[in-house]
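Per numbering that gives the first Met the number 0, the very first residue in the sequence shown carries number 0; after that it's consecutive. For glycine and all other residues, C-beta sits at the position ideal for the given N, C-alpha and C.
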Amino acid sequence: MTVLLVRCRPAVRRTINIRSLHVTPHRLQHERFDPHNVERVSDDVDVCIVGGGPAGLSAAIRLKQLEQEKGKEIRVVILEKGAEVGSHILSGAVIEPRALNELLPDWSSRTDHPLTKPATSSSMRFFTSARSFPIPHPPQMSNKGNYIVSLSQFTAWLGSIAEELGVEVYPGFSGAGIVYDEEGKTVLGVRTNEVGLDRQGRMKDTFEPGMEFRAKVTLLAEGAHGSLSKEIIRKFDLRKAANADPQTYGIGVKEVWRVDEGKYRPGEVVHTMGWPLDWKTYGGGWVYHMGDGMVSLGLVIGLDYANPYLSPYRELQRMKHHPYFADLLSGNSARIAYGARALNEGGLQSVPRLHFPGGALIGCSAGFVNIAKIKGTHNAMKSGMVAAEAAFDAVTSTATEEGEVETEVADMSGYEKALKDSWVWSDLKEVRNLRPSFNTRLGVWGGIAYSGIDSLLLKGRTPWTFRNSPQNDAQHTQPASRFKPIEYPAPQPPLSTDLLTSVALTGTNHAEDQPVHLRLREGKDVRKRHVEVNVREYAGLLERACPAAVYEYVEGEGKEVEEEGWEGKKLVINSQNCIHCKLCDIKVPTEDITWTVPEGGGGPKYS
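1. Anyone know if the C-beta pair for Y304 and A479 falls short of 8 Å?
2. Which term fits E407, buried or exposed, when burial requires 16 or more other beta carbons within 10 angstroms of its beta carbon?
3. Give every residue of the same chain whose Cβ lies closer than 6 Å to the Cβ of L114, excluding the five residues on either side of it in the sequence, and list them in chain order.
4. Would you say the region 419 to 437 touches the region 339 to 352, given that touching needs at least three Cβ pairs under 8 Å?
5. Apart from the five residues just before and just after Q614, which ones in its own chain have a Cβ nearer than 8 Å to its Cβ?
6. Mark H29 as exposed unless 16 or more other C-beta atoms lie within 10 angstroms of its C-beta, in which case mark it buried.
7. Report the CB separation of H516 from S574 in whole angstroms; it is logged as a contact under 8 Å.
8. Kindly indicate which three-state DSSP category G249 falls into: helix, strand or coil?
9. So, is D180 buried or exposed, given that buried needs 16 or more other C-beta atoms within 10 angstroms?
10. Using CA coordinates, which residue listed in K184, E211 and R440 is at the minimum distance from E193?
11. I need the DSSP call for P469, collapsed to helix, strand or coil.
12. Could you name the residues of the same chain whose beta carbon sits closer than 7 Å to that of G442, not counting the 5 residues immediately before and after it, in chain order?
13. What are the residues that DSSP puts in a beta bridge with E79?
14. Does DSSP put H579 in a helix, a strand or coil?
15. Which first and last residues belong to the beta strand (DSSP E) in which R313 is found?
16. Please state whether DSSP places T23 in a helix, a strand or coil.
17. Select from H509, S226, L328 and Q474 the residue whose C-alpha is nearest the C-alpha of P245.
18. What are the partner residues of Y552, as DSSP defines its beta bridges?
19. Does the region 370 to 381 come within contact of the region 485 to 497, defined as at least 3 CB pairs closer than 8 Å?
20. Taking the DSSP output, what are the residues bridged to I592?
21. Using the beta-carbon count (16 or more within 10 Å), is Q470 buried or exposed?
22. Under the three-state reduction of DSSP, which class applies to R124: helix, strand or coil?
23. Does DSSP classify C545 as helix, strand or coil?
24. Nearest by alpha-carbon distance to A82: which of E254, E590, Y169 and V430 is it?
25. Let me confirm a value: T205 is counted as buried when at least 16 other C-beta atoms fall within 10 Å, else exposed. Which label applies?
26. Just confirm the distance between the C-beta atoms of L99 and R61, as a whole number of angstroms; I'd bet it's less than 8 Å.
27. Just to confirm before moving on: does the CB-CB distance between P546 and A371 stay below 8 Å?
28. Using the rule of at least 16 other Cβ atoms within 10 Å of the residue's Cβ for burial, across every protein chain shown, is L499 buried or exposed?
29. Can A58 and M384 be called in contact, C-beta distance under 8 Å?
Structure, rendered in structure tokens:
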């Protein structure tokens with residue numbers, strides 16, 4: 000046995016006895032890494048949570064509260080791919096504190112809490128290209144009692160509370176793979192990613208293999224379209240098990256501005272519909288007046304859009320030239336932040352079975368966004384709390400007298416039943432028909448009409464449930480030949496800027512000499528077909544859709560272009576630009592790109 004000191008925050012630093020294993024007695028530098036020929040360090044924990052967002056942290060906090068209440072010690076670990084807790088969290092955000100009130104009833108008495116800016120007003124406006132009009136908003140969009148906050152800062156605050164309670168939080172450790180039993184039927188934990196591989200997958204002198212966290216219960220809290228959650232949903236056929244529709248997503252593109260003092264209206268919440276999007280494209284904008292003279296603004300576009308010429312980033316830049324935004328951002332205003340992230344929009348109809356052998360899906364890994372409220376944090380937190388109670392029962396009911404954990408499969412089915420009996424399910428059920436109502440031939444107009452009737456009069460009390468489309472978002476993309484290219488205006492700084500200037504504001508950073516974490520399926524024929532189909536039929540959609548300038552189809556010559564390109568063009572993946580939005584994995588028409596975790600700590604630095 001060897002003693003290994005695992006990196007964690009000072010408040011929870013501890014020494015743990017684990018098995019020390021090595022790749023080979025004399026590792027050869029620059030040898031290609033073979034994941035099937037490696038022995039890994041293994042660490043046993045009670046509950047392993049992948050993702051240090053609101054859902055994962057709420058689960059961890061609740062587990063430690065139960066530990067104190069029941070007098071039964073359990074070990075809880077959170078693996079967070081960001082360099083710090085909160086650094087990969089991006090949202091508006093207006094938070095409904097319902098779950099927080101249950102989790103931490105005394106939160107408002109803590110002097111360090113970040114919920115200092117209550118929402119004071121809510122309104123909705125419809126935009127034409129030159130004007131805007133106030134329109135009635137659904138009662139669900141009322142923000143009385145809610146708070147405008149940086150979700151990144153809120154998450155960091157929850158992280159500090161989790162650590163105070165004894166949760167082991169490991170930022171910079173990515174959940175890269177699932178550990179299964181020998182038959183592949185039960186989840187036994189999570190494997191972190193390898194560190195110290197070069198771009199060709201060869202071991203550098205800094206190489207360390209990923210380690211295994213073997214857990215009685217594994218909770219996946221990765222956020223929308225997480226890589227491990229995606230694997231688990233497919234492997235255990237969780238959508239089919241719940242008769243769930245394919246998930247549909249939106250891409251939220253966001254900026255934060257410090258606005259002129261005369262334009263700042265603290266606590267004001269505004270949502271927009273209409274221009275710059277056409278009547279066939281689902282989406283809308285927002286403006287949240289946060290604390291300290293800052294304003295969060297952005298645009299969400301449904302990723303089931305058809306036109307491959309559409310650019311979410313450039314739609315946001317165009318939106319800022321509307322007189323409403325141009326006035327808001329005039330004077331001494333200055334942009335200070337940018338980011339983008341996919342979010343779930345499918346609602347109740349797209350929620351898969353929530354449990355699997357050895358674990359469960361929580362938060363946006365499952366998809367609990369209330370699309371009418373444009374909020375999901377409250378539901379994510381509550382799902383984590385409910386899952387924690389089921390996990391605690393599963394862990395403690397099978398513990399031996401010595402405190403060791405048995406190897407039998409933890410039953411998390413109680414989590415799903417309890418969540419369906421909670422206010423999360425009623426919250427989603429009430430608005431279940433709103434998003435699908437935009438999928439008719441009447442487009443946005445039909446959706447607005449039905450949503451108004453349902454929200455104001457029916458309030459979800461209908462005997463029918465509209466289904467989401469049986470097609471996923473990639474399959475909704477239509478060939479470029481059916482559309483005219485969209486002529487976006489050139490950037491006009493400081494109001495609108497080019498994409499790379501914005502990407503620099505994210506603080507994103509990845510070591511360039513590491514394997515590309517945006518994986519196109521192996522094989523020259525696959526790459527060749529990818530380039531041919533995406534360039535010929537979809538006009539290189541990813542060049543415009545990606546909000547971080549990761550993908551390019553460039554002119555080239557030589558053997559590589561001949562073997563893997565099409566008509567002189569090849570695919571270039573600038574993975575160092577990636578801001579972890581997941582759009583490529585969701586929207587690419589050929590459905591052949593998989594987003595995987597890079598080396599731990601890489602990615603954006605949101606605050």
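Reading it off the structure:
1. Position 305 of the sequence shown, counting from 1, holds the residue named residue 304. Position 480 of the sequence shown, counting from 1, holds the residue named residue 479. Contact: no.
2. Taking the sequence shown and counting its residues from 1, the one referred to as residue 407 is at position 408. By the 10 Å Cβ count, E407 comes out exposed.
3. Within the sequence shown, residue 114 is the residue found at index 115, counting from 1. Cβ neighbours of L114 beyond the five flanking positions: Y146 and V148.
4. yes
5. Since the displayed the chain opens at 0 and closes at 606, residue 614 lies outside it and no answer follows.
6. On the sequence shown, residue 29 is found 30 positions in, with the first residue counted as 1. Exposed: under 16 other Cβ atoms inside 10 Å.
7. Taking the sequence shown and counting its residues from 1, one reaches residue 516 at position 517. Taking the sequence shown and counting its residues from 1, one reaches residue 574 at position 575. Confirmed, about 6 Å.
8. Locating residue 249 in the sequence shown gives position 250, where the first residue counts as 1. Strand.
9. Counting from 1 along the sequence shown, the entry for residue 180 is found at position 181. Per the 10 Å Cβ criterion, exposed.
10. Numbered from its first residue, the sequence shown carries residue 193 at position 194. Considering only alpha carbons, the answer is E211.
11. For the purposes of this step, residue 469 is taken as the residue at position 470 of the sequence shown. P469 falls in the coil class under three-state DSSP.
12. Within the sequence shown, residue 442 is the residue found at index 443, counting from 1. Excluding residues within five positions, the ones whose Cβ falls inside 7 Å are W278 and K279.
13. Translated into positions along the sequence shown, residue 79 becomes position 80. BP columns for E79 point to P170.
14. Indexing the sequence shown from 1 puts residue 579 at position 580. Of the three classes helix, strand and coil, the one that applies to H579 here is coil, per DSSP.
15. Residue numbering aside, residue 313 sits at position 314 when the sequence shown is read from its first letter. Looking at the DSSP string, R313 is not in any beta strand (DSSP E); the run it does join, the alpha helix (DSSP H), is P311 to M318.
16. Your numbering for residue 23 matches position 24 in the sequence shown. Any reading at T23 must be qualified, since the residue scores a pLDDT of 46, below 50, and its modelled position is unreliable; the value itself is stated next. Residue state, collapsed to three classes: coil.
17. The residue given as residue 245 occupies position 246 in the sequence shown. Of the listed residues, the one whose Cα sits closest to P245 is Q474.
18. Locating residue 552 in the sequence shown gives position 553, where the first residue counts as 1. BP columns for Y552 point to L570.
19. no
20. Position 593 of the sequence shown, counted from the start, is the residue given in the question as residue 592. In DSSP, I592 forms a bridge with L519.
21. The residue labelled residue 470 in the question sits at position 471 within the sequence shown. Exposed is the call here.
22. What you label residue 124 is simply residue 125 of the sequence shown in a count that begins at 1. Three-state result, R124: strand.
23. If you number the sequence shown from 1, residue 545 lands on position 546. In the structure shown, C545 sits in coil (DSSP, three-state: anything other than H, G, I, E or B).
24. Sequence index remark: in the sequence shown, residue 82 carries index 83 (1-based). Ranking the options by Cα distance to A82, first place goes to Y169.
25. Within the sequence shown, the letter at position 206 stands for residue 205. It counts as exposed.
26. As a working note, residue 99 is residue 100 in the sequence shown. As a working note, residue 61 is residue 62 in the sequence shown. With 8 Å as the limit, L99 and R61 do not qualify as a contact, their Cβ atoms being about 12 Å apart.
27. Mapped onto the sequence shown, residue 546 falls at position 547. Mapped onto the sequence shown, residue 371 falls at position 372. Against a cut-off of 8 Å, the Cβ pair of A371 and P546 comes out as no contact.
28. Position 500 of the sequence shown holds residue 499. By the neighbour-count rule (16 or more Cβ atoms within 10 Å), L499 is not buried but exposed.
29. Residue mapping note: residue 58 aligns to position 59 of the sequence shown, counting from 1. Residue mapping note: residue 384 aligns to position 385 of the sequence shown, counting from 1. The answer is yes: Cβ separation under 8 Å.
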